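Residues 1 to 430 in the numbering used here are what the first sequence lists, from first letter to last.
A virtual CB, placed ideally from N, CA and C, is assigned to each residue, including glycine.
Since the model is a prediction, treat every value here as computed from it, not as a measurement.
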Amino acid sequence: MADKKILKNVRGTKDILPDESFKWQHVESKVRKIFEVYNYKEIRTPIFEETDLFARGIGELTDIVSKEMYTFLDKGGTSLTLKPEMTASVMRAYVQYEINKQIPLFKVYYISPMFRQERPQAGRLRQFHQIGAEAIGSSNPEVDAEIIDLVLNIIESFGIKNYSLKVNSVGCQICRPKYKEILKDYFKKFYDQLSEDSKKRLEHNPLRILDSKDEIDRKISENAPVIYDYLCKDCAEHFEKLKSYLDEIGIKYEIEPHLVRGLDYYTKTAFEIISPELGSQDAIAGGGRYDLLSKEIGGPEIPGVGFALGMERMMMILEKNNYDFGKSSYPFVFIACIGFEAKRIGMSLAREIRKKMIPCEIDLLNRSLKSQMKEADRQGSKYAIILGEDELKESICIVRNLIDGHQEKIKLSEILEFISLKYAEEIPKD
RNA sequence: GUGAGUAUAGCUCAACUGGUCAGAGCGCCAGGUUGUGGCCCUGGAGGUUGCGGGUUCGAGUCCCGCUACUCACCCCA
Numbered sequence: 001m002a003d004k005k006i007l008k009n010v011r012g013t014k015d016i017l018p019d020e021s022f023k024w025q026h027v028e029s030k031v032r033k034i035f036e037v038y039n040y041k042e043i044r045t046p047i048f049e050e051t052d053l054f055a056r057g058i059g060e061l062t063d064i065v066s067k068e069m070y071t072f073l074d075k076g077g078t079s080l081t082l083k084p085e086m087t088a089s090v091m092r093a094y095v096q097y098e099i100n101k102q103i104p105l106f107k108v109y110y111i112s113p114m115f116r117q118e119r120p121q122a123g124r125l126r127q128f129h130q131i132g133a134e135a136i137g138s139s140n141p142e143v144d145a146e147i148i149d150l151v152l153n154i155i156e157s158f159g160i161k162n163y164s165l166k167v168n169s170v171g172c173q174i175c176r177p178k179y180k181e182i183l184k185d186y187f188k189k190f191y192d193q194l195s196e197d198s199k200k201r202l203e204h205n206p207l208r209i210l211d212s213k214d215e216i217d218r219k220i221s222e223n224a225p226v227i228y229d230y231l232c233k234d235c236a237e238h239f240e241k242l243k244s245y246l247d248e249i250g251i252k253y254e255i256e257p258h259l260v261r262g263l264d265y266y267t268k269t270a271f272e273i274i275s276p277e278l279g280s281q282d283a284i285a286g287g288g289r290y291d292l293l294s295k296e297i298g299g300p301e302i303p304g305v306g307f308a309l310g311m312e313r314m315m316m317i318l319e320k321n322n323y324d325f326g327k328s329s330y331p332f333v334f335i336a337c338i339g340f341e342a343k344r345i346g347m348s349l350a351r352e353i354r355k356k357m358i359p360c361e362i363d364l365l366n367r368s369l370k371s372q373m374k375e376a377d378r379q380g381s382k383y384a385i386i387l388g389e390d391e392l393k394e395s396i397c398i399v400r401n402l403i404d405g406h407q408e409k410i411k412l413s414e415i416l417e418f419i420s421l422k423y424a425e426e427i428p429k430d
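As structure tokens, then:
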């Protein structure tokens, strides 16, 4: 028989094994608390949606839709897509349940995997996780300010200080098209000097040229018309108010007229938080206002703002800075048994201890006492309960403190209470 | 999709210009302690050097192809 191929995780995905998962749990629970403080409730949407939602919501011409989506037909022939981002899904749910008729401002957050079929590299995976929030129902700049304040609070709560916030206004359906044309005319004059990529961008996305990494593109962009001269009154006012809120809150930011978002639905506010500790994919979070999205997906005109933060990217920074994730869970008590009879008593005792919600481990491999003790130590247990023939005869067990090595005999009838007491003493210290 | 780099035990890595080079540390297992962890000592298991060809008396070491991984472009979280 031929050897069976060893399967492995698919490219661009990552397994999070137990020696990592506790870090994720730590980050998630901390983040959830912050959302709670800002009064954002969790929303969970399906991992896949009808392809149309993303195609229309994000925009057919965007990179995400045109080449990065995991799209497949289900058995009924419907085209489905693994979500590449959450905003469209959240808006879909909002429109579907007519939340505008129930709640004036819908504030929700999510922590969820996303899928994009790109070439993996540092800080870029095909299945990655985003922490994000959306505030739907208001076009006020206060909401933009709160969203920015919120994401910065999350970042800072993990001790990250080395970042910069860039904000911009990308206009709206009234003023952006005009600016786009003016920009196109400007770049056309330098067409021959533009990079190959930018020549293509000129067609459908001249704004992106402003964000090019190409040396010559950048030089040309320096003298390009600036969007602020072309914003309509509404957009300009919105931007001014947002800045004044940020100033008052004390948030430091950089005005970045070249900041462009890759999703079509953004209007007015666009922002990005970048970290020099990240490598080429240096955006730890991004977001903005999307007043056009609802209509794109067939809903009424509903304004919204949100952000998304790359969890893996934040983890990269935390690891790099030796962030203290706390420790993994461990069994407070380890029951070591010698012989079948002792194991029977041990199994029963383990259950009683666990019923009291005290983490407990018992040897399941029938190894030597020495191995069991070694295991107890490796697991980080505070106490070992030793049960053997000798102890059974006297109806006792040995309780060994693995921190100081002191051990004593305890009656089997009193062991549960003894351990409970010790555990109660220990709790506040952890 | 394009480009570059890397590919040796479970993990991190050694092996001069091709000639005992298949190793170390960590981890794992066992013994030193007939029923007791952490430190220490001793021993053991574990690799057809990613896969397939080629050059050569001889290749982990050179060449070609494939695959995977990594980084960068693109784009984005």
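- When secondary structure is reduced to three states using DSSP, I353 falls in the helix class.
- Scanning its chain for C-beta atoms nearer than 8 Å, with the 5 sequence neighbours on each side dropped, one finds around D234 the residues C172, I174, in chain order.
- Counting the other CB atoms within 10 Å of its CB gives R126 a total of 16 or more, which places it among the buried residues.
- With contacts defined by Cβ atoms closer than 8 Å, I43 and A88 do not form a contacting pair.
- Annotation note: the segment 137-175 contains the following uninterrupted alpha helix (DSSP H) runs of length 4 or greater, listed N- to C-terminal: 141-157.
- In this structure H129 is in contact with E312, their Cβ atoms being roughly 6 Å apart against a cut-off of 8 Å.
- Residue state for R92 is assigned as helix, using DSSP reduced to three classes.
- By the criterion of a C-beta distance shorter than 8 Å, D211 is surrounded in its chain by H258, L259, V260, once the five residues flanking it on both sides are discounted.
- For G299, the closest alpha carbon among the candidates V90, P359, K33 is that of V90.
- Under the three-state reduction of DSSP, E272 is assigned to strand.
- Assigned with DSSP and collapsed to three states, S221 falls in helix.
- Judged by their CB atoms, Y253 and K166 are nearer to each other than the 8 Å cut-off.
- Counting only residues of its own chain and dropping the five nearest sequence neighbours on each side, R201 has a CB closer than 6 Å to the CB of R208, I209.
- For S395, there is no enclosing beta strand (DSSP E), as DSSP marks it with neither H nor E.
- By the beta-carbon neighbour count (other beta carbons within 10 angstroms, threshold 16), M347 is exposed.
- Under the DSSP assignment, R313 falls outside any beta strand (DSSP E), being part of the alpha helix (DSSP H) whose first and last residues are 311-320.
- Going by beta carbons, I111 and E196 fall outside the 8 Å limit.
- Contact fails between the segment 114-124 and the segment 152-163, because fewer than three Cβ pairs, one in each stretch, are under 8 Å apart.
- For the 8 Å CB-CB criterion, K268 and F239 form a contact.
- At the C-beta level, K409 and I419 stay beyond 8 Å of one another.
- Burial is judged here by how many other beta carbons sit within 10 angstroms of a residue's own beta carbon; F72 has fewer than 16 and is exposed.
- I255 is bridged by DSSP to V167.
- Here the segment 383-401 lies against the segment 337-346, with 3 or more beta-carbon pairs under 8 Å apart.
- If you ignore the 5 residues before and after K14, its C-beta comes within less than 8 Å of the C-beta of L125, Q127, E312, all in its own chain and listed in chain order.
- DSSP places P18 within a helical segment (H, G or I) once states are collapsed to three.
- Take L369, set aside five residues on each side of it, and the residues of its chain with a beta-carbon closer than 8 Å to its own are A336, I338, I386, G388, in chain order.
- Short of 7 Å from the beta carbon of A145, and not among the five residues preceding or following it, lie these beta carbons of its own chain, in chain order: L242, Y245, L246, I249.
- Out of Y228, C232, N205, F187, the CA that lies nearest to the CA of I216 is found in F187.
- The three-state secondary structure of P113, taken from DSSP, is strand.
- Looking at the backbone, the Cα of F48 and that of K83 are separated by about 5 Å.
- When secondary structure is reduced to three states using DSSP, C337 falls in the strand class.
- Within the DSSP bridge table, the entry for H129 names P113 as partners.
- As the crow flies, the alpha-carbon of D52 is around 48 Å from that of P359.
- Secondary-structure assignment with DSSP links E203 through no beta bridge to anything.
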